[in-house]
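Please read the structure below before turning to the comments.
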Amino acid sequence: RCAGRVEVQHSGHWGTVCDDDWGLPDAAVVCRQLGCGAALAAPSGAWFGEGSGPIWLNGLRCRGTEERLALCRHRGWRPHVCAHEEDASAVCSGTVCRGMACTGMACTAMVCTGKVCTGRPTMRLVGAAGRCAGRLEIFHDGHWGTVCDDLWGLPDAAVVCRQLGCG
1 RCAGRVEVQH
11 SGHWGTVCDD
21 DWGLPDAAVV
31 CRQLGCGAAL
41 AAPSGAWFGE
51 GSGPIWLNGL
61 RCRGTEERLA
71 LCRHRGWRPH
81 VCAHEEDASA
91 VCSGTVCRGM
101 ACTGMACTAM
111 VCTGKVCTGR
121 PTMRLVGAAG
131 RCAGRLEIFH
141 DGHWGTVCDD
151 LWGLPDAAVV
161 CRQLGCG
């Protein structure tokens, strides 16, 4: 529940948020509103898949300190000219998971602190000694795959390290 496509309810209907101007301050507000800790990433381009229905918000300009997404500046509550391939996403650090225990990125039963516990890992580092080094793989659509290094840099690696609890 602490990583995924951002959806909001307006006038009794759920819809998505366009990724135009979407950034870490916007994701920080989503993470705060959900009780999911700090924002680690603000993926664009329907990173967690395309939604359906109206695209309620566009051009969000959060400062990052707002309590709710609805309090951020935006272009109005209405269906926007934006395709679902532009749905915004958020990846949060997670909070205390009740009734789960985490070992690395896998969660079972009892207690977990500070990790996103979904029952299955979404990323891993392989091919090196220890769990905090190696080639990055992500789990998508039932399969593990690698990540292309085009435009990859230290800020991207920092997000992975934080998400894996590696500093």
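Quick note on UniProt numbering: the sequence shown kicks off at 1 and runs consecutively. Each residue gets a CB set at the ideal place from its N, CA and C atoms; glycine is no exception.
So, under 8 Å CB-CB, residue i and residue j are touching, yes? Tell me the CB distance rounded to an integer number of Å.
i	j	result
Leu40	Val159	5 Å
Val6	Ala88	5 Å
Leu125	Leu164	7 Å
Which same chain residues end up closer than 7 Å to residue i when comparing Cβ atoms and leaving out the 5 residues on each side of it in sequence?
i	result
Ala157	none
Gly49	Arg5
Arg63	Pro25
Thr103	Note on Thr103: pLDDT 45, under 50, position unreliable in the model; the coordinate value appears next. Excluding sequence neighbours, Thr103 sits near nothing in its chain.
His80	Cys18, Ile55 and Asn58
His10	Trp56 and Trp77
Have a look at the DSSP bridge pairing and note the partners of residue i.
i	result
residue 172	Outside the displayed span of the chain (1 to 167) sits residue 172, for which this structure offers no information.
Arg162	Paired residue(s): none; Arg162 is not in a bridge.
residue 205	A question about residue 205 goes unanswered here, because the residues of the chain that appear run from 1 up to 167.
Leu125	Leu136
Got a sec? Which residues, its chain only, sit under 6 Å from residue i by beta carbon, not counting five neighbours each side?
i	result
Thr122	Phe139
Ala28	Ala39 and Gly64
His74	Leu57, Gly59 and Leu60
Cys166	Cys132
Val91	Ala3, Leu40 and Ala41
Arg135	Val126 and Gly127
Glu86	Cys18 and Asp19
residue 177	Given that the chain is displayed from residue 1 to residue 167, the structure contains no residue 177 and the question cannot be resolved.
Ala66	In the sequence as displayed, the identity of residue 66 is Glu instead of Ala. Around Glu66: Val29 and Cys72.
Cys82	Cys18, Ile55 and Asn58
residue 224	The question about residue 224 has no answer here: the residues shown for the chain are numbered 1 through 167.
Indicate whether residue i and residue j have their beta-carbon atoms separated by less than 8 Å.
i	j	result
Cys2	Gly94	yes
Leu60	Asp21	yes
Val30	Leu69	yes
Asp19	Gly53	no
Got a sec? Which residues, its chain only, sit under 8 Å from residue i by beta carbon, not counting five neighbours each side?
i	result
Ala129	none
Gly144	Note on residue identity: the sequence assigns Trp, not Gly, to residue 144. Taken in chain order, the residues that qualify are Arg124, Glu137 and Ile138.
His84	Thr16, Ala46, Glu50, Gly51, Ser52 and Ile55
Gly12	none
Say yes only if the C-beta of residue i is nearer than 7 Å to one or more non-hydrogen atoms of the ligand NAP, and no if none qualify.
i	result
Gly12	Summarising the ligand content, the structure contains no ligands, and the ligand NAP is consequently not present.
Going residue by residue through the UniProt domain "SRCR" (1–93), where are the continuous alpha helix (DSSP H) segments of at least 4 residues, counting only ones entirely within it?
24–34
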